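Participant:
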Amino acid sequence: MSARRLESGGRIDRTTPISFTWDDKSLSGFRGDTLASALMANNQRVLGRSFKYHRPRGIMSAGVEESGAIVTIGRGNRTDPNIKATMQELYDGLEARGQNAWPNVRRDIGAVSGLFSRFFSAGFYYKTFMGLPPFEWGRGTGLWMQYEKLIRKAAGMGAASREADPDCYDHAHGFCDVLVVGAGPAGLNAAVTAAEAGRDVLLVEQDFELGGDFLNQPGPEAETRRLSLIAAAEKAGVQIMTRTTAFGLYDNGTAGLLERVSDHLPAPAAHQPRQRFWTVRAGATILATGALERSVAFGNNDRPGVMTVSAARTYLNRYGILPGERIVVATNNDSAHVTSDELAMAGAQVVLADARSDVARRDRISVRSGVAPLQVLGGASVSGVKLAQHRDGAWRRAETESCDLLLVSGGWSPVVNLLSHRGAKPVWNAENACFLPGPTDEAVFAAGSAAGIWNVDACEASGIAVTKTAFGESATLPEPGGWQAPIKPLYEVRLPDTKPKAFVDPQHDVTSVDVRLAHQEGFVSVEHMKRYTTLGMATDQGKMGNIIGLALMAEALGKDIPEVGTTRFRPPYTPVAIGALAGRNVQGHFKPLRRTPLHDWKLKEGAIMTDAGLWHRPWYFARSGETITEAYIREATTVRETVGICDVSSLGKIAVQGPDAGEFLNRIYVNGFGKLAIGKARYGIMLRDDGMVMDDGTTWRLADNDFLMTTTTTNAGKVMVWLEELLQTRWPDLRVHVTSVSDQWGGAAVAGPQSRAVIADCLEGAAIISDEALPFMGVASARLKGDIPCLIARISFSGELAYEVYVPAGYGVAMMDLLWGAAEPVGGCLYGLEALGALRIEKGHVTGAELDGRMTLDDAGLGKMASSKKPFIGNVLRQRPELTRADRPQLVGIFPKDRSQAFNGGALLSVPGEDTGHGEGWVTAVTHSPALGHWIGLGYIVGGHAAWAGKPVIATDPVRKGDVEVEIVSPHMYDPKGERMYG
């Protein structure tokens, strides 16, 4: 291979030179180059090493199908391995180097593995592990572990940086009437046609320039046509995205796109995303994704200096590079003839070796008919090629041609990958020796060479016709094909005594012998063959080798290719960086942190914070020298004796409004809400469709058509989505509107015997919270001092006289100043989640620990709440026999038999001395009870309290604590009659 940059021609900007480094050697290219074209222009031959045998690899293509020029770019924390040089846009300062080699790709010690290639045939790794000798000097699998270390060290391509990624990535969503994938002749025409018909069109192109095959054609005609189509698209309002790959198609017209925002920039702006992950929803999708040129399996077909014919045309006409001086073009179709002419006109000495017979002579070109490449000569580069002729049903040796570049075209494969993502099975077309897009009932259409159309004019017509068809208009679709002479199927060229390896998958070193060996060893399914040989499992995902592998398997089975079947293409079409999948959800943004309006106020008062779902909430308020245990016991005791204040702003709050709001609540809650009086609150529970408890909370009726629903902190988002789904899909006739107002309100629970007095001291009219004016579960609008509007509900989670006070979020700090100013003088306290948990366990109130998605109403002891006079979600399925068994686990309270002992949450409840497997129940929550003076817990046990009263039970916890003898008691362990909260 003796490539050189031509003095003129190509689309590169010769006025803008670009400096870059390759293996620490300074080189130069031009704006508009890819890394591959710049390296070729500098006559760099060996750019990579294969995975298994470490054979030298050069440039094999000019696109995403590249299997040879796979490199690492960048340094330090911006190191990116496995970059296809053919797709990496050149920029000033780009650093690139070879990978999978030591000390470099030109002289790689790892190439010694090629000497043992006979031992590394298909499935060698399976056979290695199956044939390992036993580990004789001890028990275990020590020797296996040593083998594993060696294999792991050899595995992989390139090395990723172990430093944190300094770049940021974005997620975005888009919507359009028509998504056009590919901006070649078919795609541009499809986009223009759709936009001029009034559709909202998004056109995406993975290249950094629009035009597709237009970019590879010489002369002004193609460029004039390309520019006119781009201008028409822009005028019609087409949204155009370059450097964007559609990597997958999903349900309901959804496409995944990866936009490379700054991968081509030497110095991206601060906080500019490197890549953007798009989720696009389209009414119709038109795939103008083109076709990929295949190679052929023959001896040493992986040598640097062997590449596809279309790649040579790209480097010649787009990048102004003559890729070789003495070139052999081996083909079985018409497409290579045009390229041969163009290479000859550029000054190359060209021999056209066409596998078809009686090929017409061409000016400036030596033509060989009925021949194909048998074996490449040369080591790290090509020095010649032995040809073979097909006679009497077999290949026979023919002449040898001297050359420095061998171009191969074994046919074209339409890019049907995205359609395959939707389950459309490709259909084999024998006339064109390729798989064409299969039928689908979805609004996904293939155009141009993606539909097997090879003529440029026909591709343009296809783009127009397919778009009209997508709109339901009648249009004549061009037929697949377009060659002047029939294509001759050509997948492998070999003789019985051929020794050099013929590669089917050049990156994973899968040879034609490997495919036959897989068949010989019983792997007759293409999916099994794929996994046994690793064919198509490299970074190109079989884009170049799958058809050859299928043809070889079909030959071994004595079948035709369509009878063998196909492997399934799966997303992504090209690799997607993990950073792009994560987007900005990393480090501190991995889980968005939510703060209540009272956050800073609580920190000022000494709160120790903890995460509660997505919220940052006070854990406890420790005084000097206090441990968490001492702090929460003091806080809970204070609430029972005087008064405590707790931030409850994080509770989910949903406004449910409209004429049918009461009916809507009736349907989702197990108990009735339609007749709830204005100014009243009611505790409610909602079930899932399967009858299990989903969430609980109180809902307040503020007016005839206005309710405020509260949910648990954890399930606020889940409940909101559930309500919206019900209104949109099940009951769209209900006149109801739901709005999340969780962030609109700041709230505080004021609990304890002095709570009424504390709130009264903060109100502009104390009479509003008298026992008569605001009884238990009453709701009132009031104003705090300073003319602060508020809502007050008499609700108790602690079992004490208690209220919840809500103000608009902006008044949260002012509310807390008032409440704390009134509570502190009477010996009150601020309390956090730990004390809140102790209070609710004493009272027997359930939370997510008990309502964990497996429990029914009856399990939680709340079955009497369910209305028998109305239907509600989950009512039918909750009555299944399995869910109404008497021996189901039921909620109970738990005391240690020895009151001085403690036990752990998560412990199993078992019968002493009996092996009951997973036990008879489990502990969901434990705390030291200030009111009772010892440790207590909540949990579930089969049959409930009545079945175990007075019977011996142990809480067994062998991993942490061992066995503790316990008593099963009522879950309502403190003030079971509720006298204190009604006081």
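Using our numbering, read the sequence shown as starting at 28 and increasing by one per residue. Backbone N, C-alpha and C define an ideal beta-carbon position, used for all residues, glycine too. Quantities reported herein were computed from a predicted structural model and do not represent experimental measurements.
So for ALA224, helix, strand or coil by DSSP?
Facilitator: Coil.
Participant: Could you give the DSSP three-state label for VAL683: helix, strand or coil?
Facilitator: Residue state, collapsed to three classes: strand.
Participant: Please list, in chain order, all residues of the same chain as ALA68 whose beta carbon is under 6 angstroms from its beta carbon, the five residues on each side excluded.
Facilitator: Here the set comprises ARG32 and ILE348.
Participant: Cα separation between ALA451 and THR306?
Facilitator: Each residue's alpha carbon lies about 21 angstroms from the other.
Participant: Using 8 angstroms for Cβ pairs, my map puts LEU446 next to GLY465. What's the rounded Cβ distance?
Facilitator: Contact holds; Cβ gap of about 7 angstroms.
Participant: Check whether the stretch 988-1003 and the stretch 922-935 touch, using three or more Cβ-Cβ pairs below 8 angstroms as the test.
Facilitator: The stretch 988-1003, when compared against the stretch 922-935, does touch it at the 8 angstroms Cβ threshold.
Participant: With 16 as the cutoff for other CB atoms within 10 Å, does THR1035 come out buried or exposed?
Facilitator: This structure cannot speak to residue 1035, because the chain is shown only from 28 to 1010.
Participant: Could you have a look at VAL471 and say whether DSSP puts it in helix, strand or coil?
Facilitator: Looking at VAL471 - three-state DSSP - the assignment turns out to be strand.
Participant: Looking only at its own chain, which residues have a Cβ that is under 8 angstroms from the Cβ of SER782, when we skip the five neighbours before and after it?
Facilitator: Result list for SER782: VAL670, GLU827, LEU828, ALA829 and TYR830, in chain order.
Participant: Could you name each continuous beta strand (DSSP E) segment of 3 residues or more that falls completely within the stretch 819-884, going from the start of the chain to the end?
Facilitator: Those beta strand (DSSP E) runs which fall completely within the stretch 819-884 and span 3+ residues are 829-835.
Participant: Which residues in the same chain have their Cβ closer than 7 angstroms to the Cβ of LYS897, if we skip the five residues on either side of it in sequence?
Facilitator: Here the set comprises ASN693 and GLY699.
Participant: According to DSSP, is GLN771 helix, strand or coil?
Facilitator: DSSP places GLN771 in helix when its eight states are reduced to three.
Participant: Taking the runs of the beta strand (DSSP E) that are 3 residues or longer, which of them lie wholly in the stretch 717-765?
Facilitator: Those beta strand (DSSP E) runs which fall completely within the stretch 717-765 and span 3+ residues are 720-730 and 733-738.
Participant: For ILE5 versus SER797, is the C-beta distance shorter than 8 angstroms?
Facilitator: Only positions 28 to 1010 of the chain appear in this structure, which leaves residue 5 out of reach.
Participant: In terms of DSSP beta bridges, what is CYS461 paired with?
Facilitator: The partner list for CYS461 (beta bridge, DSSP) reads ASN456.
Participant: Quick check: the stretch 204-218 against the stretch 234-243, are there 3 or more CB pairs under 8 angstroms?
Facilitator: Contact between the stretch 204-218 and the stretch 234-243 is present, because at least three Cβ pairs lie under 8 angstroms.
Participant: In chain order, which continuous runs of the alpha helix (DSSP H) of length 4 or greater are located wholly inside the stretch 686-717?
Facilitator: Fully enclosed alpha helix (DSSP H) runs of 4 or longer: 688-695.
Participant: With three or more beta-carbon pairs closer than 8 angstroms as the criterion, would you say the stretch 295-305 touches the stretch 329-349?
Facilitator: Cβ pair count under 8 angstroms is below three, so no.
Participant: Have a look at VAL777 and CYS673 and give me their C-alpha separation to the nearest angstrom.
Facilitator: C-alpha separation (whole angstroms): 7 angstroms.
Participant: If I follow the unbroken beta strand (DSSP E) through GLU548, where does it start and stop?
Facilitator: No beta strand (DSSP E) contains GLU548, which DSSP labels as neither H nor E.
Participant: If I measure Cβ to Cβ from ALA460 and keep anything under 6 angstroms in the same chain, skipping five residues before and after, which residues do I get?
Facilitator: Around ALA460: GLY438, ILE514 and PRO516.
Participant: Report the rounded CA-to-CA distance for PHE691 versus LEU754, giving the unit in angstroms.
Facilitator: Looking at the two C-alpha atoms, the distance is approximately 9 angstroms.
Participant: What's the gap between the Cα of ALA820 and the Cα of THR269?
Facilitator: Roughly 57 angstroms separates the two Cα atoms.
Participant: Determine whether the beta carbon atoms of TRP455 and PRO589 lie at a separation below 8 angstroms.
Facilitator: Yes, these two residues count as a Cβ contact at 8 angstroms.
Participant: Check whether the stretch 192-199 touches the stretch 103-116, counting contact only when three or more Cβ pairs, one atom from each stretch, lie closer than 8 angstroms.
Facilitator: As far as the Cβ criterion goes, the stretch 192-199 touches the stretch 103-116, which means the pair count is three or higher.
Participant: Does the beta-carbon distance from TYR346 to ILE39 come in below 8 angstroms?
Facilitator: Yes, these two residues count as a Cβ contact at 8 angstroms.
Participant: Hey, out of ALA473, SER436 and GLY652, whose CA is closest to PRO453's CA?
Facilitator: Considering only alpha carbons, the answer is ALA473.
Participant: How many angstroms separate the CA atom of GLY888 from the CA atom of LEU276?
Facilitator: If I take the Cα positions, the gap works out to 48 angstroms.
Participant: Thinking C-beta only, is ALA324 closer than 8 angstroms to SER88?
Facilitator: Not a contact, by the Cβ cut-off of 8 angstroms.
Participant: Can you name the start and end residues of the alpha helix (DSSP H) that ASP484 belongs to?
Facilitator: Residues 483-497.
Participant: On the DSSP bridge list, what partners appear for SER937?
Facilitator: SER937 is bridged to ILE981.
Participant: Label GLU500 either buried or exposed according to how many other C-beta atoms from any shown protein chain fall within 10 Å of its C-beta, with 16 as the threshold for buried.
Facilitator: By the neighbour-count rule (16 or more Cβ atoms within 10 Å), GLU500 is not buried but exposed.
Participant: In angstroms with no decimal places, state the Cα-to-Cα distance between PRO744 and TYR342.
Facilitator: The residue asked about is misnamed: residue 744 is Gly in this sequence, not Pro. Straight-line Cα distance between these residues: approximately 54 angstroms.
Participant: Residues in its own chain within less than 7 angstroms of PHE803 by CB, not counting five upstream and five downstream?
Facilitator: Around PHE803: ARG821, MET1008 and TYR1009.
Participant: Could you pull the start and end residues of the beta strand (DSSP E) that ARG303 belongs to?
Facilitator: Where ARG303 is concerned, the enclosing beta strand (DSSP E) stretches over 302-314.
Participant: Near GLY509, what residues of its chain come up, given a Cβ to Cβ distance below 8 angstroms and the 5 sequence neighbours on each side ignored?
Facilitator: For GLY509, where only same-chain residues beyond five positions count, the Cβ hits under 8 angstroms are ILE480, TRP481, ASN482 and ALA485.
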